[in-house]
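Protein chains in written order, with this note's numbering: chain L, 323 to 454; chain Y, 13 to 298.
Here a beta-carbon is modelled for each residue, glycine too, at the ideal position from N, C-alpha and C.
Please read the structure below before turning to the comments.
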């Protein structure tokens with residue numbers, strides 16, 4: 323089966339540049355799986371786990387927002403922050419989760435609430451992947 | 013003519029200045045290498061984001077976003093100026109500030125957001141309102157710094173407090189040359205993307221729809237431009253500091269050489285005079 327060329331780019335590094343059999347990502351309208359030869363598409367990503375299948379093996383990463391573009395040349399995922407499962411600092415994510423939960427309880431304003439919610443979401447994605 | 017002691021003191025002071033400039037040169041050049049590596053790392057993200065924008069803008073004719081609509085009257089402009097915290101780097105700081113001032117003076121009403129103490133001081137001195145000044149980030153900018161700055165600018169634009177946003181930074185050409193550059197960030201001009209060819213067809217699907225994608229991607233793009241500009245400016249600051257310190261060290265060497273020459277001449281003169289005095293003294297005794 324033909325492979326899909328995939329690039330994952332964050333502002334500070336080129337995280338992945340290679341070929342994959344299948345990519346499953348979390349977009350804001352649900353999980354989407356991409357194979358080689360997909361129709362051109364631009365989509366917004368949600369906080370979630372990205373999984374890449376290469377030769378029967380599965381690689382997982384936490385992707386925190388961003389967007390994905392698929393065109394005739396392949397697929398690029400552009401995100402503000404992404405980490406491979408092995409890179410996740412579980413202790414830190416746990417602390418972040420507790421902090422965010424505490425903030426949610428005593429949030430003063432709407433902005434605080436939103437910020438804490440996002441932080442909690444990020445922490446949960448990281449924990450979800452990191453503890454596997 | 014200055015006395016021997018004065019010249020000696022002067023040589024000593026030039027020498028210690030030279031030691032400082034030499035050290036600064038070395039520090040700048042090692043930092044420059046790191047900054048260059050960072051600059052190269054940020055390039056792919058920037059290029060890819062720009063590509064997506066180009067595709068969306070060209071592929072979705074007629075779709076417009078708040079960020080692309082030209083406002084009838086540009087009453088108030090926001091300038092984001094990237095300079096350094098410290099001096100001793102040739103014309104780096106003043107060049108970029110002057111460039112910003114050049115465009116700023118053609119506008120009726122402007123406010124600025126500055127990065128670096130030098131830019132803040134410059135605009136305060138010129139009586140331009142500085143809404144926000146960032147410091148301690150110019151040498152090693154991170155994406156989150158750019159994110160904060162970008163969001164600030166986008167917020168002002170969305171609220172209608174400013175009608176256009178300019179971004180002034182320094183473009184890196186070679187280690188010896190860099191040039192201040194100003195670009196218009198908002199409203200985004202679709203014409204900017206016209207000469208780039210898209211590689212996607214009109215069949216592209218946008219999830220959830222074109223407008224949502226544009227409204228999501230454009231702020232990201234702006235943050236990326238700001239981040240890229242900050243990283244590039246950091247490279248320029250270090251390279252111009254390195255060049256400035258290199259020529260300062262060279263000038264100091266030349267100065268020490270000249271002073272040594274003068275010192276020796278004065279010393280010789282003093283010896284000659286002493287001998288003449290002794291000879292004439294002994295002559296008088298005979």
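- Item | Whole beta strand (DSSP E) elements within the stretch 348-404 of chain L, 3-residue minimum | 352-356, 363-366, 369-376, 379-386, 389-393, 396-400
- Query: Is it the case that the Cβ atoms of residue 218/Y and residue 112/Y are separated by a distance below 9 Å?
  - Reply: no
- Cβ-based contacts, 8 Å cut-off: residues of the stretch 225-243 of chain Y near chain L: 225, 228, 229, 232, 236, 239
- Task: Since I believe residue 127/Y is in contact with residue 142/Y (beta carbons under 8 Å), could you give me their beta-carbon distance rounded to a whole number of angstroms?
- Result: Residue 142/Y to residue 127/Y, Cβ: 11 Å. No contact.
- Task: Quick one: grab the DSSP three-state call for residue 324/L.
- Result: coil
- Task: Consult DSSP for residue 205/Y and reduce its assignment to one of helix, strand or coil.
- Result: helix
- Three or more beta-carbon pairs under 8 Å between the stretch 346-358 of chain L and the stretch 331-338 of chain L, yes or no? no
- Anything in chain L within Cβ reach of residue 199/Y, meaning under 9 Å, just list it in chain order. Correct list: empty, because the minimum Cβ distance to chain L is about 21 Å.
- Might you give, ordered along the chain, the residues of its own chain that have their beta carbon closer than 7 Å to the beta carbon of residue 342/L, omitting 5 neighbours on each side? 325, 326, 328, 374, 375, 376
- Does any C-beta atom of chain Y lie closer than 9 Å to the C-beta of residue 354/L? yes
- Message: Taking the straight line between their C-alpha atoms, what separation do you get for residue 186/Y and residue 50/Y?
- Response: 16 Å
- Taking buried to mean at least 16 other C-beta atoms within 10 Å of its own C-beta, is residue 293/Y buried or exposed? exposed
- Could I get the ranges of all uninterrupted beta strand (DSSP E) runs contained in the stretch 106-153 of chain Y, with 3 residues as the minimum, in chain order? 121-127, 141-146
- Task: Using the Cα positions of residue 109/Y and residue 95/Y, report the straight-line distance between them to the nearest angstrom.
- Result: 8 Å
- Query: Closer than 9 Å, CB to CB, is residue 68/Y near chain L or not?
  - Reply: yes
- Item | the stretch 163-174 of chain Y: positions lying closer than 7 Å to chain L by Cβ | none
- Item | Spatial distance of residue 57/Y from residue 182/Y (CA atoms) | 19 Å
- If you drop the 5 nearest sequence neighbours on each side, which residues of the same chain put their C-beta closer than 7 Å to that of residue 453/L? 412
- Taking Cβ positions only, does residue 388/L come closer than 9 Å to chain Y? yes
- If you check the beta carbons only, do residue 30/Y and residue 261/Y fall under 9 Å apart? yes
- Is residue 231/Y near residue 172/Y, with beta carbons less than 9 Å apart? no
- Query: Of the residues 235/Y, 26/Y, 88/Y, which one's Cα is nearest the Cα of residue 269/Y?
  - Reply: 26/Y
- Message: Taking 9 Å as the threshold (beta carbon to beta carbon), is residue 151/Y in contact with chain L?
- Response: no
- Message: Out of 242/Y, 291/Y, 82/Y, which one is the CA nearest neighbour of residue 147/Y?
- Response: 242/Y
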